[in-house]
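The numbers in my numbering rise by one with no breaks, and the one at position 151 of the sequence shown is 151. Ideal Cβ placement from N, Cα and C applies to all residues, glycine included.
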Amino acid sequence: MNARKHEGHLPRKGLLYGVGAYGLWGVLPIYFKALAGVPAFDIVAHRVLWSLPFLTLLILASRSFAKVRAAITQPRTLGILALTALLIGVNWLLYVYAVTSGHILAASFGYYLNPLANVLLGRFVLHERLNRLQWGAVVLAAAGICVLAAGALGQLWISLSLCASFALYGLLRKVVAADALTGLGIETAILFPLAIGWLAWRSSGGASVIGTTTVDTTLLVLSGIVSTTPLILFTVAARRLAYSTLGMLQFIAPTLQFLIAVLLYGEKVALAHAVAFPAIWVGLALYTIALLRTPPAQEELPQAPE
């Protein structure tokens with residue numbers, strides 16, 4: 001009885017982690033826009049470089065090195081984490097490029113596609129069940145996304161690449177036998193040599209890889225904490241929520257990104273946005289209502305062990 005009660009609370013806790021992750025991701029364009037003068041590859045390399053010591057401290061504080069050793073001695077787990085490291089690295093690079101090159105709306109659209117991808121992966125890969133109201137919400141949101149796609153063909157490759165890389169990343173992190181902190185620490189360690197190699201190569205060519213101003217340097221050093229915090233919250237949420245539910249929460253981030261792109265940086269809003277956004281948000285509201293009507297114990301839980 002106690003175990004079932006504990007399971008029933010997992011989705012509620014997961015909901016808080018998910019909202020926190022997507023809320024932080026939603027305002028990240030402000031941070032990386034301030035680094036627009038730094039090449040995207042350099043920014044991502046610094047994200048990796050400064051994330052590793054931060055994650056190491058967290059692993060030490062939580063006494064999780066035994067979990068790290070257990071994960072790296074399992075070939076299947078290590079192989080999946082190597083793949084997720086590649087996926088998140090590609091996702092970071094595309095996202096930073098989109099923000100610093102003035103395509104925040106394209107990035108926003110990519111993350112609008114992600115919830116639909118998550119719901120479909122949750123249904124057809126993880127066999128999560130959706131009721132009629134949830135299916136109606138998905139269809140309505142999908143209609144809005146189709147309208148957005150029709151109005152964003154020029155940068156559609158950015159949007160689709162961001163969607164595919166992050167949807168697959170989330171799916172694999174949900175099923176891999178490693179908790180949030182352990183998995184992220186191993187992923188970062190895998191990417192670390194690539195980051196060091198890139199910065200060393202750039203430095204050997206005379207480039208200033210630590211930024212040309214004090215502000216740039218400070219932002220690059222803090223990028224590890226800024227990048228890692230929402231990703232930890234996301235991976236915790238991914239293991240506590242149905243993947244389809246996690247997908248619908250993701251509308252928070254691109255909506256914040258859209259508002260930032262338009263209100264702070266003056267990117268133009270097309271008619272497609274005005275038509276699509278109400279459809280997407282009504283779909284999200286319907287899905288949330290369906291979720292609240294579902295008894296906690298019936299919410300789909302992750303299949304992977306903690």
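Query, Result
"Contact under 8 Å by Cβ, G185 with I280", "no"
"C-beta contact flag for Y17 and L233 at 8 Å", "yes"
"Reduced DSSP secondary structure (H/G/I, E/B, other) of H273", "helix"
"Bounding residues of the alpha helix (DSSP H) (the contiguous stretch that carries Q131)", "A quick correction: the sequence has Asn, not Gln, at residue 131. Looking at the DSSP string, N131 is not in any alpha helix (DSSP H), and its letter there is neither H nor E."
"C-beta atoms of N91 and F166 nearer than 8 Å", "yes"
"Candidates E267, T255, I260, of which the one nearest G110 by Cα", "T255"
"Per-residue DSSP class, three states only, for T73", "coil"
"DSSP state of H46 mapped onto helix, strand, coil", "helix"
"Cβ pair count under 8 Å reaching 3, the region 210 to 222 against the region 60 to 79", "no"
"Proximity winner among W201, A71, Q134, L35, relative to L116 (alpha-carbon distances)", "Q134"
"Own chain residues within Cβ distance below 8 Å of T84, not counting five before or after", "Y169, L172, R173, V176, G183, E187"
"Secondary structure of V282, DSSP reduced to three states", "helix"
"Presumed contact (8 Å Cβ cut-off) between L113 and C163, rounded CB distance", "4 Å"
"Rounded C-alpha distance that separates A107 from V38", "18 Å"
"Simplified DSSP state of T212, which is helix, strand or coil", "coil"
"Member of L130, A253, V282 whose CA lies at the smallest distance from the CA of L24", "A253"
"Helix, strand or coil at T188 [DSSP, three-state]", "helix"
"The alpha helix (DSSP H) enclosing L120, as first and last residue numbers", "104 to 124"
"Beta-carbon proximity check, F251 vs L284, cutoff 8 Å", "yes"
"Spatial distance of L15 from A238 (CA atoms)", "10 Å"
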